[in-house]
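Presented below is the structure to which this report refers.
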Amino acid sequence: MVNRQGESMKRTHLTAVALGLVVLTGAGLFVYAGESNKMSPEFRKQFIDNFQRTSLNTTPGDAMMLRILVEASGAKRGVEVGTASGFGAINMGIAFERTAGHLWTFDIDPKAVQETQENLRKVGLEKVVTCVEGDALKTLQDVQGPIDFVFIDAVKRDYLKYLKILEPKLKVGAVVVADNVIKSARAMKDYLDYVQTSPDYDTVLIRASMEKDDGMTISYKIK
Numbered sequence: 040m041v042n043r044q045g046e047s048m049k050r051t052h053l054t055a056v057a058l059g060l061v062v063l064t065g066a067g068l069f070v071y072a073g074e075s076n077k078m079s080p081e082f083r084k085q086f087i088d089n090f091q092r093t094s095l096n097t098t099p100g101d102a103m104m105l106r107i108l109v110e111a112s113g114a115k116r117g118v119e120v121g122t123a124s125g126f127g128a129i130n131m132g133i134a135f136e137r138t139a140g141h142l143w144t145f146d147i148d149p150k151a152v153q154e155t156q157e158n159l160r161k162v163g164l165e166k167v168v169t170c171v172e173g174d175a176l177k178t179l180q181d182v183q184g185p186i187d188f189v190f191i192d193a194v195k196r197d198y199l200k201y202l203k204i205l206e207p208k209l210k211v212g213a214v215v216v217a218d219n220v221i222k223s224a225r226a227m228k229d230y231l232d233y234v235q236t237s238p239d240y241d242t243v244l245i246r247a248s249m250e251k252d253d254g255m256t257i258s259y260k261i262k
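Residue 40 is where the sequence shown starts when you use the numbering used here, and the numbers rise one by one after that.
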């Protein structure tokens with residue numbers, strides 16, 4: 040009897056794997072995402088809603104704003120500096136998939152890179168988003184232009200350094216978003232002064248969501 044039950048359960052699981060289904064058993068809930076299912080809007084929304092975020096992750100409101108900015112601008116080549124576990128990268132990745140573009144996300148923490156790669160595979164975005172491990176002040180040097188979207192959420196005192204590395208590769212019309220510009224304003228004063236006074240950018244400071252007492256700058260490269 041036990042063997043027959045075991046075989047039946049095994050067949051059920053194999054069928055679920057093939058079809059991308061959710062199976063409820065006595066041992067708990069098993070979620071299987073087939074190749075087509077994990078790219079469905081419904082599966083991705085569920086994955087994002089259940090994402091185990093940390094304090095390093097972008098908030099859901101900010102992540103949705105990034106997704107909208109990428110898609111609305113029609114960006115094709117994006118850079119994220121500061122990956123955490125990939126919550127922002129997944130949201131932007133969905134937008135870059137829609138624009139037939141690509142996102143490169145940079146982080147110095149190998150565990151963060153590995154976790155992000157795993158999360159990207161779970162939602163079928165591993166071909167849309169590339170994770171790069173290492174010190175961004177060095178690895179960004181290898182980025183190929185033109186770049187038309189940038190999101191910076193890493194070491195606050197280095198924001199301007201990141202931008203200066205990428206700036207020669209930015210195309211006119213590029214969008215540059217920087218996070219934590221209220222709470223960390225002192226640490227990134229040189230960055231804020233630059234993007235708010237440079238004739239090359241139009242810049243606005245916004246609060247995309249009320250989930251945190253902080254904000255972002257959005258800079259548009261006008262020349």
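Backbone N, C-alpha and C define an ideal beta-carbon position, used for all residues, glycine too.
query: Three or more C-beta pairs below 8 Å linking the stretch 142-159 and the stretch 214-228; result: no
query: Close-in-space but distant-in-sequence residues of the same chain around residue 182 (CB under 7 Å, 5 per side omitted); result: 118, 143, 205 and 208
query: For residue 219 and residue 229, the rounded distance between their alpha carbons; result: 14 Å
query: Paired residues, beta bridge with residue 258 - DSSP; result: 215 and 242
query: DSSP state of residue 142 mapped onto helix, strand, coil; result: strand
query: For residue 209, three-class secondary structure by DSSP; result: strand
query: Nonlocal neighbours in the same chain, by C-beta distance under 8 Å from residue 138, ignoring five residues either side; result: 109, 110, 113, 114 and 115
query: The stretch 228-244 / the stretch 192-206 touching (three or more Cβ pairs under 8 Å); result: yes
query: Start-end ranges of the alpha helix (DSSP H) lying completely within the stretch 112-186, minimum 4 residues; result: 126-137, 149-161 and 175-178
query: Coarse secondary structure for residue 304, derived from DSSP in three states; result: The displayed coordinates of the chain run from 40 to 262. Any statement about residue 304 would go beyond what the structure contains.
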